[in-house]
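The structure appears below as structure tokens.
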Amino acid sequence: MNGTDRMFSVEDVGVIGSYSSFLALLLIATLLAYRHIFDYGLELLRKGESGAGVAVAVYLLLAVFDLLFIVVPAIPIASSTRRAFQRRRRPLGLVLIFISTVYVFALSSQFIYMALEKKLPL
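Here the working numbering is used: the first residue of the sequence shown is 17, the next is one more, and so on.
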């Protein structure tokens with residue numbers, strides 16, 4: 017195998033590396049934000065706030081952070097994935113889909129874990 021018949025070009029490797037690093041940092045930031053949201057909800061419950069009021073506050077915060085950490089980053093990733101398939105660079109598109117799937121799975125599992133760990137009555 018010589019150097020010309022690679023599955024990924026240097027540009028493709030750069031795109032994959034950039035999105036992998038970006039999503040890894042975003043995952044850490046999101047998990048920290050979720051932890052603060054859950055701590056905030058528990059603190060409100062301890063202060064004697066009503067359960068419905070706390071649930072509304074926590075759901076509102078979760079919606080804002082989901083918009084910030086899931087929807088906004090999905091736009092450039094979806095655009096790059098679509099562009100990869102349009103340019104007949106299917107392996108790059110599939111890797112971007114895989115990276116996005118791993119991010120969503122990790123985020124979902126950590127969200128469920130933290131909700132169970134904090135024992136929030138949601």
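The beta carbon of each residue, even a glycine, is placed where N, CA and C say it ideally should be.
Values in this document were obtained by computation on a predicted structure and should not be read as measured data.
Supposed close pair residue i, residue j - CB separation, criterion 8 Å
| i | j | result |
| --- | --- | --- |
| Met130 | Phe81 | Going by Cβ atoms, the distance from Met130 to Phe81 rounds to 13 Å, so no, they are not a contact pair. |
| Ile91 | Ser116 | Between Ser116 and Ile91 the Cβ distance is about 12 Å, and since that is not below 8 Å, they are no contact. |
7 Å Cβ cutoff met for residue i and residue j
| i | j | result |
| --- | --- | --- |
| Leu77 | Val70 | no |
| Leu110 | Asp28 | no |
| Leu43 | Ala122 | yes |
| Lys134 | Leu58 | yes |
Residues near residue i by beta carbon distance below 6 Å, same chain, minus five either side
| i | result |
| --- | --- |
| Val26 | none |
| Ala49 | Phe81 |
| Met23 | Pro107 |
Local conformation of residue i per DSSP, three classes
| i | result |
| --- | --- |
| Lys134 | helix |
| Gly64 | coil |
| Phe101 | helix |
| Ser25 | coil |
| Gly30 | helix |
Close beta carbons around residue i, own chain, < 7 Å, minus the five adjacent residues each side
| i | result |
| --- | --- |
| Leu47 | Gln126 |
| Val118 | none |
Residues of its chain near residue i, where Cβ-Cβ distance is below 8 Å and the 5 sequence neighbours each way are ignored
| i | result |
| --- | --- |
| Ile141 | Any question about residue 141 goes unanswered here, given that the chain covers just 17 to 138. |
| Phe38 | Pro89 |
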